[in-house]
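In terms of this note's numbering, the sequence shown has 528 at position 529, counting the first letter as 1, and numbering is strictly consecutive.
Even for Gly, the Cβ is constructed at its ideal location relative to N, Cα and C.
For clarity, every value in this text was computed on a predicted model and none was experimentally measured.
Scroll down for the structure; my scribbles are underneath it.
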Amino acid sequence: MKNNNITYKTLFCLVFLMAYSCGIEKYIPEGEQLYTGAALDIKTESNIKDEKEVEAELLSLIEPNPNTTFLGMKPALFFHYKAQREKPGFLYKFLNKSFGEEPVYFSDVNPERIEELILNRLDNNGFFYSQSESETIIDGNFASVDYSASLPEPYVLENYNLESDSLPIYKEIEKMLPETALTKGDRFDLDLLKAERARLNNGLKQRGFYNSQEDLLIFEADTNQYKNRKFDLFLRLKKDVPARASIPYTIDSITVYPNYSIEGDTLPLTKENVTQVDSIDFVQKELYFKPELLESYLLFNEGDLYDANTSKQTSNRLSALGSYKYVNIQYTELDTTATDGNGGSLAASIYLAPLTKRTIRAELQAVSKSNGFTGPGILLSHTNRNVFNGGETFSISANFSYESQLSSGSNSSLSSIAGGVSADLVIPRSIPFSPSRFKYAVPKTKISLGVDFLQRSQLFTLGSVNASFGYTWKENQYVYHTLDPISINYSKLSNVTDEFQTILDDNPFLSQSFEQRFIAGLLYSFTYDEVSNLGKETPIYFNTNFDLAGNMLNLVSGGSGTIFGSEYAQYAKVDADVRLYLRWKKEQTLVSRVYAGWGVPYGNSTTLPFVKQFYSGGPYSVRAFNIRSLGPGNFNAETENSTTDYFDQSGNLKLEANVEYRFPLFSYLKGAFFIDAGNVWLTGDYSEIEDDQLTSSFSQTLFTDGKFEKDWLTEVAAGVGFGLRLDIQSFVIRLDLASPLRIPYLPENERWNTPFFGNADNNMTLNFAIGYPF
Numbered sequence: 000m001k002n003n004n005i006t007y008k009t010l011f012c013l014v015f016l017m018a019y020s021c022g023i024e025k026y027i028p029e030g031e032q033l034y035t036g037a038a039l040d041i042k043t044e045s046n047i048k049d050e051k052e053v054e055a056e057l058l059s060l061i062e063p064n065p066n067t068t069f070l071g072m073k074p075a076l077f078f079h080y081k082a083q084r085e086k087p088g089f090l091y092k093f094l095n096k097s098f099g100e101e102p103v104y105f106s107d108v109n110p111e112r113i114e115e116l117i118l119n120r121l122d123n124n125g126f127f128y129s130q131s132e133s134e135t136i137i138d139g140n141f142a143s144v145d146y147s148a149s150l151p152e153p154y155v156l157e158n159y160n161l162e163s164d165s166l167p168i169y170k171e172i173e174k175m176l177p178e179t180a181l182t183k184g185d186r187f188d189l190d191l192l193k194a195e196r197a198r199l200n201n202g203l204k205q206r207g208f209y210n211s212q213e214d215l216l217i218f219e220a221d222t223n224q225y226k227n228r229k230f231d232l233f234l235r236l237k238k239d240v241p242a243r244a245s246i247p248y249t250i251d252s253i254t255v256y257p258n259y260s261i262e263g264d265t266l267p268l269t270k271e272n273v274t275q276v277d278s279i280d281f282v283q284k285e286l287y288f289k290p291e292l293l294e295s296y297l298l299f300n301e302g303d304l305y306d307a308n309t310s311k312q313t314s315n316r317l318s319a320l321g322s323y324k325y326v327n328i329q330y331t332e333l334d335t336t337a338t339d340g341n342g343g344s345l346a347a348s349i350y351l352a353p354l355t356k357r358t359i360r361a362e363l364q365a366v367s368k369s370n371g372f373t374g375p376g377i378l379l380s381h382t383n384r385n386v387f388n389g390g391e392t393f394s395i396s397a398n399f400s401y402e403s404q405l406s407s408g409s410n411s412s413l414s415s416i417a418g419g420v421s422a423d424l425v426i427p428r429s430i431p432f433s434p435s436r437f438k439y440a441v442p443k444t445k446i447s448l449g450v451d452f453l454q455r456s457q458l459f460t461l462g463s464v465n466a467s468f469g470y471t472w473k474e475n476q477y478v479y480h481t482l483d484p485i486s487i488n489y490s491k492l493s494n495v496t497d498e499f500q501t502i503l504d505d506n507p508f509l510s511q512s513f514e515q516r517f518i519a520g521l522l523y524s525f526t527y528d529e530v531s532n533l534g535k536e537t538p539i540y541f542n543t544n545f546d547l548a549g550n551m552l553n554l555v556s557g558g559s560g561t562i563f564g565s566e567y568a569q570y571a572k573v574d575a576d577v578r579l580y581l582r583w584k585k586e587q588t589l590v591s592r593v594y595a596g597w598g599v600p601y602g603n604s605t606t607l608p609f610v611k612q613f614y615s616g617g618p619y620s621v622r623a624f625n626i627r628s629l630g631p632g633n634f635n636a637e638t639e640n641s642t643t644d645y646f647d648q649s650g651n652l653k654l655e656a657n658v659e660y661r662f663p664l665f666s667y668l669k670g671a672f673f674i675d676a677g678n679v680w681l682t683g684d685y686s687e688i689e690d691d692q693l694t695s696s697f698s699q700t701l702f703t704d705g706k707f708e709k710d711w712l713t714e715v716a717a718g719v720g721f722g723l724r725l726d727i728q729s730f731v732i733r734l735d736l737a738s739p740l741r742i743p744y745l746p747e748n749e750r751w752n753t754p755f756f757g758n759a760d761n762n763m764t765l766n767f768a769i770g771y772p773f
């Protein structure tokens with residue numbers, strides 16, 4: 000009965016909104032008609048190739064767009080009108096800010112101009128001598144326009160030729176013509192001709208023609224040879240082209256200033272200041288960057304033809320070193336009077352302005368987690384750039400935090416102390432590979448070493464040492480790789496209390512995950528990211544990670560299962576994260592995300608190590624549930640042991656999906672509505688765990704309820720919510736309020752819950768976090 004009341008209320012609100020939004024006529028000013036849109040009728044003499052594309056292009060010319068209609072209503076316009084009242088109220092002001100549209104009246108429409116645009120666009124597409132008309136239709140307070148266009152048979156390409164000449168530039172153009180996109184039978188298309196001219200100009204810029212410009216290339220169409228609608232296309236240079244624009248240029252000299260000051264004067268080329276490497280002059284009074292290393296980042300040499308792409312790639316490589324805030328490559332023409340056609344010469348000067356060499360940063364942090372733990376933290380870091388005069392960056396950081404359980408109950412006295420020290424050395428080249436092998440960006444070699452500890456009061460202390468050696472590099476604008484062929488982690492559990500030992504005895508899955516102290520293997524990450532390209536309306540993001548551990552140690556140890564007296568882990572783990580962004584006006588974005596991860600222990604291991612397991616719940620997961628409180632499966636820790644809600648519930652399989660709608664509110668304040676779903680499960684055969692370890696009801700329930708089986712969909716947790724985000728230049732402070740929609744650990748007929756109004760425990764969860772959830 001309750002659900003029926005909710006349905007009736009929803010239906011009533013919808014009918015109420017329809018009644019109001021359909022009554023917008025009373026808001027239309029006297030003498031105005033609301034513009035409701037336009038229709039386009041295309042008449043052709045014969046079948047036209049790509050007719051739908053032509054129609055779509057013509058439709059894009061018709062402006063302005065009418066107000067948005069939804070189910071015959073105009074709610075966006077209705078919100079605007081209501082917000083213009085003397086006292087509109089907060090609700091209408093908010094709805095207008097987020098969704099409102101200003102009215103589009105017929106007085107804003109210029110049908111004659113649209114007719115001219117249609118004819119011009121048809122001419123550009125080869126439909127010469129077309130006709131266009133319009134008819135205005137007025138119906139009370141509303142008006143629309145019907146446009147029509149009559150298209151004759153278009154002109155199509157028969158031959159594409161280059162006018163011959165003895166200048167070197169003609170020879171290079173002739174070499175590029177076979178790669179043209181223009182083919183016989185193509186309709187005349189001005190955009191295709193512009194694209195062809197841009198292609199040829201870019202090609203010339205890569206073949207030494209430093210002064211080449213697009214507007215120097217001229218197309219001429221000749222229809223005199225044909226009675227039917229065909230044309231020949233001729234390409235030539237504009238008349239009176241300067242000689243310097245039609246000759247190739249060779250790089251005569253290269254001078255690099257590795258320690259250039261924007262404010263100061265450039266050092267003179269004296270013997271004391273210059274170091275020469277492969278005919279390249281490096282000018283620096285004192286050694287700042289080793290010339291023999293810096294030379295490997297340059298992609299052009301003395302005697303090479305000028306190449307605009309190579310110059311740009313060289314600039315990108317130098318910027319990616321991480322040592323410079325300013326990179327500028329300038330070319331000076333040494334022979335501007337060359338007229339013999341043999342070419343000119345350029346002097347290349349590369350100015351590099353360094354970043355501040357040393358920086359110290361201190362951060363005071365406040366941590367608030369959805370499991371009730373809150374406390375302060377501090378982070379100190381020191382960075383030394385170009386530490387060995389080869390672009391290397393050395394950084395060392397230390398962190399410390401204290402968290403306490405503020406909630407009431409049995410866990411109110413629990414606390415956590417964490418800290419660590421880490422050091423990173425980033426070398427801007429791939430050891431031992433040569434930088435010249437990588438054209439877009441040079442891989443960086445990263446060597447890391449760190450020590451961490453975690454002390455949980457009344458429970459245990461966990462100390463760990465980690466080290467890694469690997470590479471990071473960008474393959475192109477969107478693709479990013481990370482490869483750590485060596486990744487080592489050693490952890491040790493100590494100061495175990497009787498309370499925690501009891502839990503370990505009851506839970507062999509958790510116990511064995513702590514016993515695997517030594518992890519050594521290979522990590523690889525692949526990322527494809529279009530999100531930073533703000534020009535894309537539907538960017539995608541894809542990331543996958545591969546983690547393989549223990550195989551090398553298994554060979555070294557002869558399969559004994561231990562190394563240096565400690566058990567080592569053997570497993571394979573993979574995960575994938577896919578996101579699709581839909582962007583539209585007023586900074587509104589709909590983000591959908593799917594995540595899947597699976598880890599398989601084998602050989603020496605029956606479970607994944609504790610630090611490698613998957614978790615669900617919390618501010619970056621299913622936000623309606625406390626952090627790491629879901630799963631595995633429909634397992635309910637609270638019914639088995641009242642103390643286990645403090646511990647991480649985990650599994651070796653994770654599935655998750657999220658949808659979030661983001662919209663602006665006021666200035667830097669943004670809003671969001673979201674739906675989250677997911678859980679973790681156990682997979683594999685745990686029969687290898689000794690039977691006498693499965694005697695407790697806790698462990699038996701864990702493996703029974705947590706196993707991934709064909710009915711896994713019934714064990715997916717779900718939640719809905721809304722949030723506020725303070726977004727200041729990409730620094731985001733986020734507050735999300737969420738409520739469960741489906742609770743997997745309840746009895747099967749009680750798992751659905753009415754969000755925010757249901758009777759489930761913890762029916763609302765407040766998440767505080769830094770950054771967007773995904």
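| query | result |
| --- | --- |
| What's the C-alpha gap between Ser604 and Gln569? | 6 Å |
| Could you give the residue range of the beta strand (DSSP E) that holds Thr309? | Where Thr309 is concerned, there is no enclosing beta strand (DSSP E), although the alpha helix (DSSP H) it sits in stretches over Ala307 to Ser318. |
| Quick check on Tyr567: does DSSP put it in helix, strand or coil? | strand |
| If you follow the alpha helix (DSSP H) that Ser97 is in, where does it begin and where does it stop? | Gly88 to Phe98 |
| Could you tell me which residues DSSP pairs with Asp483 in its beta bridges? | Leu522 |
| For the alpha helix (DSSP H) that contains Asp190, what are its first and last residues? | Leu189 to Lys204 |
| Which one of Gly560, Arg428, Pro618 and Asp306 has the shortest CA to CA distance from Lys445? | Arg428 |
| Name the residue from Phe468, Glu262, Asn300 and Leu192 whose alpha carbon lies nearest to the alpha carbon of Val276. | Asn300 |
| Is Val573 near Phe541, with beta carbons less than 8 Å apart? | no |
| Tell me whether Asp684 sits in a helix, a strand or coil according to DSSP, three-state version. | coil |
| Taking all protein chains shown into account, decide if Gln648 is buried (16 or more other Cβ within 10 angstroms of its Cβ) or exposed. | buried |
| Taking only the alpha-carbon atoms, compute the straight-line gap between Gln205 and Ala346 and give it to the nearest angstrom. | 17 Å |
| When you compare each of Tyr401, His381 and Ser738 to Thr392 by their alpha carbons, which one comes out closest? | His381 |
| Among Lys324, Gly469 and Gly757, whose alpha-carbon lies nearest the alpha-carbon of Gly520? | Gly469 |
| List the endpoints of the continuous beta strand (DSSP E) containing Asn766. | Thr764 to Ile769 |
| Taking Ile117 and Ser97 to be in contact with their CB atoms under 8 Å, please state how far apart those CB atoms are, rounded to whole angstroms. | Not a contact, Cβ separation roughly 35 Å. |
| What separation, rounded to the nearest whole angstrom, lies between the Cα atoms of Val719 and Ala623? | 7 Å |
| If the criterion is Cβ atoms closer than 8 Å, does the pair Tyr325 and Ile279 meet it? | no |
| Helix or strand or just coil, what does DSSP make of Ile61? | coil |
| Just list the alpha helix (DSSP H) runs in the stretch 599-641, keeping only unbroken ones of 4 residues or longer that don't cross its boundaries, in chain order. | 636-639 |
| Which whole-angstrom value is the C-beta distance of Ser245 and Leu236, which I expect to be below 8 Å? | 7 Å |
| From what residue to what residue does the beta strand (DSSP E) around Ile41 run? | Leu33 to Thr43 |
| In chain order, what residues of the same chain lie with their CB nearer than 7 Å to the CB of Thr358, ignoring the 5 residues before and after it? | Thr382 |
| Would Lys443 be called buried (16 or more neighbouring beta carbons within 10 Å of its own) or exposed? | buried |
| List the endpoints of the continuous alpha helix (DSSP H) containing Asp497. | Asp497 to Asp505 |
| Taking buried to mean at least 16 other C-beta atoms within 10 Å of its own C-beta, is Asn699 buried or exposed? | Before going further, note that residue 699 is Gln rather than Asn in the sequence given. The residue is exposed, with fewer than 16 neighbouring Cβ atoms inside 10 Å. |
| Could you spell out the range, first to last residue, of the alpha helix (DSSP H) harbouring Asn553? | Asn550 to Val555 |
| Return the first residue and the last residue of the beta strand (DSSP E) that Leu652 is part of. | Leu652 to Phe665 |
| What are the uninterrupted segments assigned as beta strand (DSSP E) that are 3 or more residues long and contained completely in the stretch 202-269, given in chain order? | 216-221, 229-236 and 248-256 |
| Can you list, in chain order, the residues of its chain whose CB lies under 6 Å from that of Asn762, leaving out five sequence neighbours each side? | Ser738 |
| Using the three-state DSSP reduction, which class does Asp122 fall into: helix, strand or coil? | helix |
| Taking the beta carbon of Phe15 as the centre, do at least 16 other beta carbons fall within 10 Å, making it buried, or is it exposed? | Unreliable positioning characterises Phe15 in this predicted model, as indicated by a pLDDT of 49, which lies under 50. A coordinate reading is not provided. |
| When burial is assigned at 16 or more other CB atoms within 10 Å of the CB, is Thr313 buried or exposed? | buried |
| Within a Cβ cutoff of 7 Å, which residues of the same chain sit near Val450, ignoring the five residues on either side of it in sequence? | Gly419, Val420 and Val464 |
| For Asn124 versus Pro153, is the C-beta distance shorter than 8 Å? | yes |
| Between the alpha carbons of Asn766 and Leu723, how many angstroms are there, rounded? | 11 Å |
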